[in-house]
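S.K.: If you count by the numbering used here, then the sequence shown holds residues -4 to 401, one letter each, in order. Glycine included, every Cβ here is placed at the ideal spot set by N, Cα and C. Right, I'll just put the structure down here and ask away after.
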Amino acid sequence: MSQKIKIGLLTRILIAIVAGILIGLIAPDWFTRIFVTFNAVFGQFLSFSIPLIIVGLITPAIASLGRGAGKWLAITASIAYLSTLTAGFLALATGLLVFPHMLAAGSVGETANPEDALLGPFFTVEIPPVFGVMTALITAFVLGVGLTITRGKVLFRAAQEFREIINRVIGKIIIPLLPIYIFGIILNMTVAGEVFRVIGTFLSIIVIVFALTLLMLLLQYTIAGTLKKQNPLSMLKTMLPAYVTALGTSSSAATIPVTLRQTIKMGVSEPVASFVVPLCATVHLAGSTLKITSFALAIMYISGIEINVALMAGFIFMLGITMVAAPGVPGGAIVAASGLLTSMLGFTEPQVALMIATYIAIDSFGTATNVTGDGAIAAIVDKLSAGQFGNPPAVMLDEPVEADSI
């Protein structure tokens, strides 16, 4: 009897990306809009599910910490913020050294937002979330820390059962549909032709930014690997499915299920992974900060704006905080940062438009850096906690998707 061949998630995602590019070169608009419509509905479901995922995973994870929950919240958030600041200052130092030799002074012309060129869905279905991402985080913190104080057995059991429901939603709905969702995103961007046009504008800067994201990941995993006594490159290889998934979704929050699974496979305990990964999906945006800082510097050089290092340092500190409020959707980080670009750096509307256009065109690389770095932070917290997160939960991704072939 022949054995059924299973295609791993990573392979399915790679197929979806390649197919999206190739089919997008010849696909008629009506065909593309079918998948755009699916993405619109699935995107609404993702937006609805993400706050529930955060509450469902973080609440029982915090509750299992015991009375040390507040300490580990502060430690994890501090490590994430330090990582974000490091990425920003790495981009600033590189830009100050390299950009003057690459970019000629000039003016930035009007550049339209590439979202305007994308095809729209045939229809949309509004599925508003019960509450926002930040509300979900605060709710999870309050409930989790409250349970460590009251030690309420009924509510703790309810939190565990709710986690089981969330795990089913992740394993049976979200992960199986992610490749189709990614295919639709790539297909639409290819048909619009905006990605290649915008990338061509800042190609040299994009190459540098991509190299910096790899350098940032090597730095993060060198630290994590040293603490955990593991090979950093092996750890990075394990996290590759999360990186590739983020390349397609451009959303840290939407990639939580894959990031969580790969972090556990990397050797991080389940309670720590359940606690750190959903939290860092919101508070850790090192890759996004690196990109925004680099592109802002590039536009300032091209526009002939004088670079004030002290002002840029302040911008990076504020950007790290602002990123926490970024929605868990593609392009959310640059939208959240637009206010700082105008208020602190004095960007005009055309300059902000160019920032948004360039950022969205390669949004996925920053997001992939964000989520992959979440695994390193989880490994660091796992080492620092030294078992203080308690025993692994009874049900955690109890029916995982088949392993990826890397």
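Comparing alpha-carbon positions, which option in Thr240, Leu274, Thr364 lies nearest Gly139?
M.R.: The option with the nearest alpha carbon to Gly139 is Leu274.
S.K.: From which residue to which residue does the alpha helix (DSSP H) around Lys167 run?
M.R.: Here Lys167 belongs to no alpha helix (DSSP H), and DSSP marks it neither H nor E.
S.K.: Just verifying my parser: in three-state terms, what is the DSSP assignment at Met295?
M.R.: If DSSP states are grouped into helix, strand and coil, Met295 belongs with the helices.
S.K.: Entirely within the region 212 to 248 and at least 4 residues each: give me those alpha helix (DSSP H) ranges in chain order.
M.R.: 227 to 233, 235 to 244, all fully within the region 212 to 248.
S.K.: By Cβ distance, which residues of its chain are closer than 6 Å to Leu231, with the 5 residues on each side in sequence left out?
M.R.: Around Leu231: Tyr216.
S.K.: Look at the alpha carbon of Phe118 and the alpha carbon of Thr32, and state the distance between them as a whole number of angstroms.
M.R.: Approximately 6 Å, taken between the alpha carbons.
S.K.: Mark Met295 as exposed unless 16 or more other C-beta atoms lie within 10 angstroms of its C-beta, in which case mark it buried.
M.R.: Flag for Met295 reads buried.
S.K.: Does the count of Cβ pairs from the region 294 to 310 and the region 223 to 239 closer than 8 Å reach three?
M.R.: Touching, no.
S.K.: Mind checking whether Ala241 and Ala363 have CB atoms under 8 Å apart?
M.R.: Cβ atoms of Ala241 and Ala363: closer than 8 Å.
S.K.: Which value, in whole angstroms, describes the spacing of the CA atoms of Pro395 and Gly166?
M.R.: Confidence is the limiting factor: at Pro395 the pLDDT is only 35, short of 50, which leaves the residue's position unreliable and the question unanswerable from this model.
S.K.: So what's Pro116 in DSSP terms, helix, strand or just coil?
M.R.: Of the three classes helix, strand and coil, the one that applies to Pro116 here is coil, per DSSP.
S.K.: Taking the alpha carbon of Ala82 as the reference point, which residue from Gly370, Pro252, Gln225, Ala308 has its own alpha carbon closest?
M.R.: Comparing Cα-Cα distances from Ala82 to each of Gly370, Pro252, Gln225, Ala308, the minimum goes to Ala308.
S.K.: Between Leu210 and the rest of its own chain, which residues show a CB-CB distance below 8 Å, the 5 nearest in sequence each way excluded?
M.R.: Excluding positions up to five away in sequence, the list reads Leu85.
S.K.: By alpha-carbon positions, which one of Val120, Ile357, Pro95, Gly147 ends up nearest to Thr467?
M.R.: Examination of residue 467 is not possible in this model, given that the chain is present from -4 through 401 alone.
S.K.: Let me make sure I understand the geometry here. Which of Gly341, Arg158, Gly368 has the alpha-carbon closest to that of Ser247?
M.R.: Of the candidates Gly341, Arg158, Gly368, the one whose C-alpha sits nearest the C-alpha of Ser247 is Gly368.
S.K.: Is there contact here, the region 197 to 208 with the region 275 to 289, by at least three beta-carbon pairs under 8 Å?
M.R.: Touching, per the Cβ criterion.
S.K.: When you compare each of Gly90, Thr244, Ala219, Met350 to Leu379 by their alpha carbons, which one comes out closest?
M.R.: Residue Ala219 is the option with its Cα nearest to Leu379.
S.K.: For the pair the region 174 to 181 and the region 6 to 15, tell me if three or more CB-CB distances fall below 8 Å.
M.R.: Judged by Cβ distances under 8 Å, the region 174 to 181 makes contact with the region 6 to 15, as three or more pairs qualify.
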